[in-house]
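Protein sequence lines, in the order shown, are assigned to chains H and C.
When you read off a place in the first sequence, starting at 1, and then add 2, the result is the number in the numbering used here.
When you read off a place in the second sequence, starting at 1, and then add 393, the result is the number in the numbering used here.
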Amino acid sequence: MASVNPVSEQLSILLSCYLDGALVDGEIDVVVAALESDLGAVAEFRRLKESRRAIRLLPVLDVPLHLQPDGHLSEELSAFLDGQLSTTEIPIVTDHLVTCDDCRYELAELDRSRTAIRALPGLEPPVFLSVEPEKSKKRKALRAAVFIASGAAAVTLAFALAPFSSTTEPASVTITDLDARHAAVASVPAVQVGSP
Amino acid sequence: MILAKRSAIVGTSIAVALTFLAPSALASDVDYVLETARNATFNASRLTISIWGGQTQVSDQWVEHWDGGELVRTNSAWSVYGNGRAMTMGDAPRGIAFLTNRSAPVSERYSVGDVRDVTHLKRACVRVEINEGDARRATLIIDKKTGAILHSEIYTDSGRIFRTISLDKFKPYRVYAQPTTEAAVPFEVVMHADSYGLPEEIAGYSLVDVFPGPGSSEQGFYSDGLFTFSLFTMSRKTQVTGLDDPMAFVTDDGVYDMVPTAQDVRIHWSDTESNFVLVGDLPPDHAQAVLSELPPPDNGTMFQRWWQRLFG
Chain H
3 MASVNPVSEQ LSILLSCYLD GALVDGEIDV VVAALESDLG AVAEFRRLKE SRRAIRLLPV
63 LDVPLHLQPD GHLSEELSAF LDGQLSTTEI PIVTDHLVTC DDCRYELAEL DRSRTAIRAL
123 PGLEPPVFLS VEPEKSKKRK ALRAAVFIAS GAAAVTLAFA LAPFSSTTEP ASVTITDLDA
183 RHAAVASVPA VQVGSP
Chain C
394 MILAKRSAIV GTSIAVALTF LAPSALASDV DYVLETARNA TFNASRLTIS IWGGQTQVSD
454 QWVEHWDGGE LVRTNSAWSV YGNGRAMTMG DAPRGIAFLT NRSAPVSERY SVGDVRDVTH
514 LKRACVRVEI NEGDARRATL IIDKKTGAIL HSEIYTDSGR IFRTISLDKF KPYRVYAQPT
574 TEAAVPFEVV MHADSYGLPE EIAGYSLVDV FPGPGSSEQG FYSDGLFTFS LFTMSRKTQV
634 TGLDDPMAFV TDDGVYDMVP TAQDVRIHWS DTESNFVLVG DLPPDHAQAV LSELPPPDNG
694 TMFQRWWQRL FG
């Protein structure tokens, strides 16, 4: 009966790295050799594997935004732009944005991307490309290819012509919009009572 | 009990701050009055009357006010303002939020004048005069318990009343009338931007902050501590809509399109390159002084105006 000897600390580290995919060529040979000849190494390997599995199965803990010490707001920024945050979350995000340059930059980029996507022209398939069930599969595939190609061309053209087009910028502004913008800015507290 | 204690503290503070002020009081007293009013909690009907160019503008609203926020309801429409945010509810609900770390100027050109105890709406109040130099610019009647401004009169430089704002059916508490949460409204977020050449000061108003606006415009927000205005500058090609049947606001520099409301005034003009829109609650003489320091309107020849009207 083969005895199971405890493995050395160094081999245990190598096995752990092996599971993490962090070994170099020479080290892989050592691990493979140990697993082929050393039952202790096999047992340790199984133990490490089980530990990792157990860790993966642990429930994910969502740390509330305000409890994250220096956390950035990548997911919340998107929800913020979509108006999906709750009333209690909004001030946390806005407070963070006032002090965090990174998140402010990310929010601006996110907003710009959305604006650019919204400005893209909608693609409607031409009537002659509409799919009819009685047509052959080959014909359908050909039409699909033409449709995709034309769609890609349209998107490329839209991007290429964007600098020369004025459609991405509103050609007019409404006075009520400007009024609301002024009222919003004017509602920012001017002076803190009691502040020095 | 807590509310009563808080009211007593506010009342005492206002009484102490205002009752013992000499006419030459520090300018920051005006800021104190305004900031206390900003944080007051109440709901009331608010009647605002303004006179612009000989025409009277009237607005009757129901308002709920708390910690810097204000809900305004006119007929079935309502809006919420506060802490850099504006939210309107209607066919297309929308909101806008401004992120700013500005430091607003104190009201250096204003001072507290005559202060006396009065009774208004059966409530103990303080009547405060605010002077600009030697001239009276505003009279405020402030509720001692809440700090709310129950009645205010704003004067022109010639001493005529130009705007009155009166609260009625005043109740010193909230009723939480906001019909939906902010999460249900899509918000546009606007962040502070660098100025591209807006003047730091215009006729006693300081540039507080600059924001990108719609249609590639730029919004410069100005304040003198008591009144505020936003100056929007944009390309001449950008059309400004909603200025139906404007009045003519005539100064030595030219003719401007003006649409006054009870609460504020919107003034629009163009020069050869840019469109300008000024929106604010400033009195007529201040508006005139501000416009005199900005690029004058270029109304063009009759043919140009005709062409502009037809083809934009």
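For glycine and all other residues, C-beta sits at the position ideal for the given N, C-alpha and C.
For H:Val44, the enclosing alpha helix (DSSP H) stretches over residues 41 to 59. When the Cα atoms are used, H:Val44 and H:Leu60 turn out to be separated by approximately 25 Å. Under the three-state reduction of DSSP output, C:Tyr649 falls in the strand class.
Look at H:Val175 here: in three-state DSSP terms it is strand. A Cβ-Cβ separation of about 6 Å places C:Arg487 in contact with C:Thr481 under the 8 Å criterion.
Where C:Asp536 is concerned, there is no enclosing alpha helix (DSSP H), although the beta strand (DSSP E) around it starts and stops at 528 to 536. Scanning chain H for C-beta atoms nearer than 8 Å to the C-beta of C:Asp638 yields nothing, as the closest lies near 12 Å away. The DSSP-derived three-state label of C:Gly673 is strand. Annotation: the continuous alpha helix (DSSP H) that includes H:Tyr20 extends over 11 to 22. The way I'd put it, the segment 595 to 602 of chain C doesn't touch the segment 646 to 666 of chain C; fewer than three beta-carbon pairs between them come closer than 8 Å. Counting of Cβ neighbours within 10 angstroms places H:Val95 among the buried residues, the total reaching 16 or more. Distance from the CA atom of C:Val499 to the CA atom of C:Pro579, rounded to whole angstroms, is 34 Å. Against C:Asp422, chain H offers no close residue; the least beta-carbon distance is about 11 Å (beta-carbon pairs closer than 8 Å).
Contact annotation for H:Ser76 against chain C: no contact, minimum CB-CB distance about 15 Å [criterion: below 9 Å]. Residues of the same chain with a CB within less than 6 Å of the CB of H:Cys19, apart from the 5 flanking positions on each side, are Leu25 in chain order. For the C-beta of H:Asp179, the chain C residues within less than 7 Å are, from N- to C-terminus, Pro607. Here the alpha carbon of C:Val683 sits roughly 19 Å from the alpha carbon of C:Ala531. Counting every other CB atom within 10 Å of its CB across the protein chains shown gives H:Glu11 a total below 16, marking it as exposed.
In the structure shown, C:Leu440 falls within a strand segment according to DSSP collapsed to helix, strand and coil. Under the Cβ distance rule, H:Ala182 counts among the residues neighbouring chain C, one pair being separated by less than 8 Å. The segment 665 to 679 of chain C makes contact with the segment 549 to 562 of chain C: 3 or more CB pairs, one atom from each, lie closer than 8 Å. By the CB criterion at 8 Å, C:Phe491 and C:His458 fall outside the cutoff. Between H:Arg106 and the set C:Gly613, C:Ala586, C:Gly590, C:Ser628, the nearest pair of CA atoms involves C:Ala586. Taking C-beta atoms as the reference points, C:Val633 and H:Ile177 count as a pair closer than 8 Å. At a cut-off of 8 Å between beta carbons, C:Ser545 makes no contact with chain H. Chain-ordered, the chain H residues with CB closer than 7 Å to the CB of C:Ser610 read Val175. Residues of chain C with a Cβ closer than 8 Å to the Cβ of H:Arg106 are, in chain order, Leu492, Met584. For H:Thr101, the uninterrupted alpha helix (DSSP H) segment begins and ends at 91 to 101. Taking C-beta atoms under 8 Å as the contact rule, C:Ser609 and C:Met627 qualify, at a distance of about 6 Å. Non-local C-beta neighbours of C:Ile558 in its own chain, meaning closer than 6 Å and more than five positions away in sequence, comprise Thr441, Ser545, ordered along the chain. Pairing C:Ser443 with C:Gln454 gives a Cβ-Cβ distance that is not under 8 Å.
C:Ala430 is positioned such that its CB atom lies no closer than 8 Å to that of C:Ile534.
DSSP, read as helix, strand or coil, puts C:Phe620 in coil.
C:Asp650 is positioned such that its CB atom lies no closer than 8 Å to that of C:Gly673. Judged by beta-carbon spacing, H:Gln86 lies within the 8 Å limit of C:Ala576, meaning their Cβ atoms are closer than that value.
Take the alpha-carbon of C:Asp646 and the one of C:Pro690: they are about 7 Å apart.
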